[in-house]
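Trainee:
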Amino acid sequence: MRPSLNNPLVLLALDTATEKGSLALAENDRLLGEYFLHSPGTYLQRLLPTLDELLRATGRSLKGVGAIAVSQGPGNFTGLRIGLATAKGLAWALSCPLVPVPTLEALAAPFPYQPHPVAVLMDAKREEVYLGLFNCQGELPQPLTEPQRLPVTALPSRLQPPMLLTGPGLNAYGDFLEKHLPPEISWAPPEMRHPRAATIARLGKFRLEQGLTASPQQLTPSYLRPAL
747 MRPSLNNPLV
757 LLALDTATEK
767 GSLALAENDR
777 LLGEYFLHSP
787 GTYLQRLLPT
797 LDELLRATGR
807 SLKGVGAIAV
817 SQGPGNFTGL
827 RIGLATAKGL
837 AWALSCPLVP
847 VPTLEALAAP
857 FPYQPHPVAV
867 LMDAKREEVY
877 LGLFNCQGEL
887 PQPLTEPQRL
897 PVTALPSRLQ
907 PPMLLTGPGL
917 NAYGDFLEKH
927 LPPEISWAPP
937 EMRHPRAATI
947 ARLGKFRLEQ
957 GLTASPQQLT
967 PSYLRPAL
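In terms of the numbering used here, the sequence shown is residues 747 to 974.
#1: From this set, 914, 769, 838, which residue's C-alpha is nearest residue 874's C-alpha?
#2: Return the chain-ordered list of same chain residues with a C-beta closer than 6 Å to the C-beta of residue 953, the five sequence neighbours on each side being excluded.
#3: Counting only runs of 4+ residues fully inside the region 816 to 869, write out the alpha helix (DSSP H) ranges in chain order.
#4: When the Cα atoms are used, what is the spatial distance from residue 847 to residue 926?
#5: Going by the DSSP bridge assignment, what does residue 758 pair with across the sheet?
#6: Could you tell me whether the Cβ atoms of residue 764 and residue 825 are closer together than 8 Å?
#7: So, helix, strand or coil for residue 917, using DSSP?
#8: Please classify residue 761 as buried or exposed, where buried requires at least 16 other C-beta atoms within 10 Å of its C-beta.
#9: Can you look up residue 963 in the DSSP assignment and give me helix, strand or coil?
#10: Should the region 943 to 959 be regarded as contacting the region 899 to 908, the criterion being three or more beta carbon pairs within less than 8 Å?
#11: Looking only at DSSP bridge pairs, what is residue 888 linked to?
#12: Can you name the start and end residues of the alpha helix (DSSP H) that residue 950 belongs to?
#13: Looking only at C-alpha atoms, which of 812, 781, 788 sits nearest to residue 799?
#14: Between residue 849 and residue 889, which are expected to be in contact by the criterion C-beta below 8 Å, what is the C-beta distance as a whole number of angstroms?
#15: Can you determine whether any heavy atom of the ligand MG sits closer than 7 Å to the C-beta of residue 789, and answer yes or no?
#16: Measuring CB atoms only, is the region 864 to 880 touching the region 829 to 842, in the sense that at least three cross pairs come out at less than 8 Å?
#17: By how many angstroms is the C-alpha of residue 834 removed from the C-alpha of residue 910?
#18: Going by alpha carbons, who is nearest to residue 877 out of 808, 916, 810, 860?
#19: Need the endpoints of the alpha helix (DSSP H) that residue 799 sits in, please.
#20: What does DSSP give as the partner residues of residue 912 in its beta bridges?
#21: So, for residue 695: in the same chain, excluding its five sequence neighbours on each side, which residues have a beta-carbon less than 8 Å away from its beta-carbon?
#22: Spatial neighbours of residue 960 within its chain, please: C-beta separation below 8 Å, excluding the five flanking residues on both sides.
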């Protein structure tokens, strides 16, 4: 059952897909607050205490949360498991909707009304990347292809101008990409290459309105298999 968005809806968003995690609270279209976690090794210990800090800072209570959005992956395996387990536990305890948000989509979302395709790259380790291609000509990103996991060496044949590159994979494999990609391809600024819980909240509200929720029992992290 979809909650009525005519009334104020407080949505909690969690992102632990990369080494820069975050939590955010939003009320309808207004961001109430956002806190950051800078080490995956501390997610298990810091996630719930940071949530308590966020609730106090925004003057909200956990009981007032009406929906939870969470970054579903791909990304850091341990981080994703911690984030999803936390989100599922909270959704179960609060009896509220749980909204999964694809991480690659969240990384493309900061570039609305972009005239050219947006390619999102995430580090999949072992010289591999997660790749998502999006049309961002509207307010929200639309996938152009299914997300893939593939070797870094396969990127030059898939990425051609005009195009905007973003995502933490640029930091991991920047030297290779600068050497092998056409200089006409644009790169997002470094501060816009990581997912944010504020973006998860915005996309989560849209997906909630569309009824794109998941049950805590069935939601699993998105671990992309290598492309054949």
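Where is the CB? At the ideal position from N, CA and C, for every residue including glycine.
Mentor: Inspection of the coordinates gives the following:
#1: 914
#2: 845
#3: 823 to 840, 849 to 854
#4: 31 Å
#5: 771, 814
#6: Contact annotation: residue 764 and residue 825 have beta-carbon atoms nearer than 8 Å.
#7: helix
#8: Looking at its Cβ environment, which holds 16 or more other Cβ atoms inside 10 Å, residue 761 is buried.
#9: coil
#10: no
#11: 881
#12: Start and end: 943 to 955.
#13: 781
#14: At roughly 13 Å, the Cβ-Cβ gap does not stay under 8 Å, so residue 849 and residue 889 are not in contact.
#15: Among the ligands in the structure shown, none appear at all, so the ligand MG cannot be discussed.
#16: no
#17: 34 Å
#18: Checked all of 808, 916, 810, 860; the closest Cα to residue 877 is 916.
#19: 789 to 804
#20: 866
#21: This structure leaves residue 695 out entirely; the chain is present only between 747 and 974.
#22: Once the five neighbours on either side are set aside, the close Cβ partners of residue 960 are 844, 845, 846.
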